[in-house]
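Visitor:
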Amino acid sequence: MNLYPTLQTYIEKAKSLPIPEERKEVLQMLIDYLQRKVDQDQEINVNFICTHNSRRSQFSQIWGKVAAAYHGIEINAYSGGVEVTAFNERAVSSIKRFGFKLSKEGEGNPKYFVFYSDDEDPIVAFSKIFDDSANATKNFAAVMTCSHADENCPFIPGADARIPVRYEDPKAFDGTEKEAEKYDERSMQIASELLYVFSKIEK
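Take a look at the structure:
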């Protein structure tokens, strides 16, 4: 797999970031889930869920797919929310800065086709409810990326695991001089942690 050069550079940077022990403990449940699926030779479906499916869950879907592919693990990465909004334009801009190539289809809640390699199919990113027909309906891990969705969705139909991996929302910095920095910081954290997760999977 030939990753785009700028993206490759950011992945190497993400791999070098230290991950605190308390975060490793949070991530271990996801590692254990993925390892069980690999050991049982089962399809791996992961749905990253956040309230609006606009920032953290989108970052997680994209980086989850890329991190898995980077480590040679086949997964289906999805994302969803409890409300439909749109893939936030600030998050879209951050993904572009990291070296992804995007094409856009539609307005309002457009579909973005996110390319990370010319050798691979694009990741399709748009805001949707977690049980949208575009997502897996059974045998998937529901990875809760925000506290609001985690606390307000006590039951996710079809999930065979519910795994809280919460991230701080960069939305708090919208309209400030730190906006781009904080979006990139959150994206980099998610990239780093998901690269770590998939590095721990024994094939």
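Residue numbering for the sequence shown follows the numbering used here, starting at 241 and increasing by one per position. Backbone N, C-alpha and C define an ideal beta-carbon position, used for all residues, glycine too.
For the pair the segment 362 to 378 and the segment 266 to 276, tell me if three or more CB-CB distances fall below 8 Å.
Guide: Contact fails: fewer than three Cβ-Cβ distances are below 8 Å.
Visitor: Inspect the beta-carbon positions of tyrosine 436 and isoleucine 259 and report whether they are closer than 8 Å.
Guide: Start at 1 with the first residue of the sequence shown, and residue 436 comes out as number 196. Start at 1 with the first residue of the sequence shown, and residue 259 comes out as number 19. Against a cut-off of 8 Å, the Cβ pair of isoleucine 259 and tyrosine 436 comes out as a contact.
Visitor: My assumption, with CB atoms under 8 Å, is that valine 354 sits in contact with phenylalanine 340. Please give the rounded CB distance.
Guide: Stepping through the sequence shown from its first residue, residue 354 is reached at position 114. Stepping through the sequence shown from its first residue, residue 340 is reached at position 100. About 5 Å; that satisfies the 8 Å criterion.
Visitor: Which residues does DSSP pair with asparagine 375 in a beta bridge?
Guide: Locating residue 375 in the sequence shown gives position 135, counting from the first residue. Bridge partners of asparagine 375: none, in fact.
Visitor: Using the rule of at least 16 other Cβ atoms within 10 Å of the residue's Cβ for burial, across every protein chain shown, is alanine 374 buried or exposed?
Guide: The residue given as residue 374 occupies position 134 in the sequence shown. Result: exposed.
Visitor: Which residues in the same chain have their Cβ closer than 8 Å to the Cβ of serine 313, if we skip the five residues on either side of it in sequence?
Guide: On the sequence shown, position 73 is the one that residue 313 refers to. For the record, residue 313 in the displayed sequence is isoleucine; it is not serine. Counting only Cβ-Cβ distances below 8 Å, and skipping sequence neighbours, we find Leu274, Val278, Ile284, Phe438, Ile441, Lys443.
Visitor: Quick one: Cα of lysine 418 to Cα of isoleucine 430, how far?
Guide: Taking the sequence shown and counting its residues from 1, the one referred to as residue 418 is at position 178. Taking the sequence shown and counting its residues from 1, the one referred to as residue 430 is at position 190. Going by the C-alpha atoms only, they are around 18 Å apart.
Visitor: How is valine 278 classed by DSSP in three states: helix, strand or coil?
Guide: Working through the sequence shown from its first residue, we reach residue 278 at position 38. Looking at valine 278 - three-state DSSP - the assignment turns out to be helix.
Visitor: Below 8 Å on the Cβ atoms is my contact criterion, and I expect tyrosine 352 with valine 324 to pass it. Report the Cβ-Cβ distance as a whole number of Å.
Guide: Locating residue 352 in the sequence shown gives position 112, where the first residue counts as 1. Locating residue 324 in the sequence shown gives position 84, where the first residue counts as 1. Not really, about 15 Å apart at Cβ, beyond 8 Å.
Visitor: What first and last residue would you give for the beta strand (DSSP E) that runs through valine 400?
Guide: As a position in the sequence shown, residue 400 is number 160, starting the count at 1. It should be noted that the sequence gives aspartate, not valine, for residue 400. First-last of the beta strand (DSSP E) with aspartate 400: 399 to 404.
Visitor: Quick check for students: name the residue ranges of the alpha helix (DSSP H) that lie wholly in the segment 266 to 349, counting only runs of 4 or more.
Guide: With a minimum length of 4 residues, the continuous alpha helix (DSSP H) runs that stay inside the segment 266 to 349 are 296 to 310, 329 to 337.
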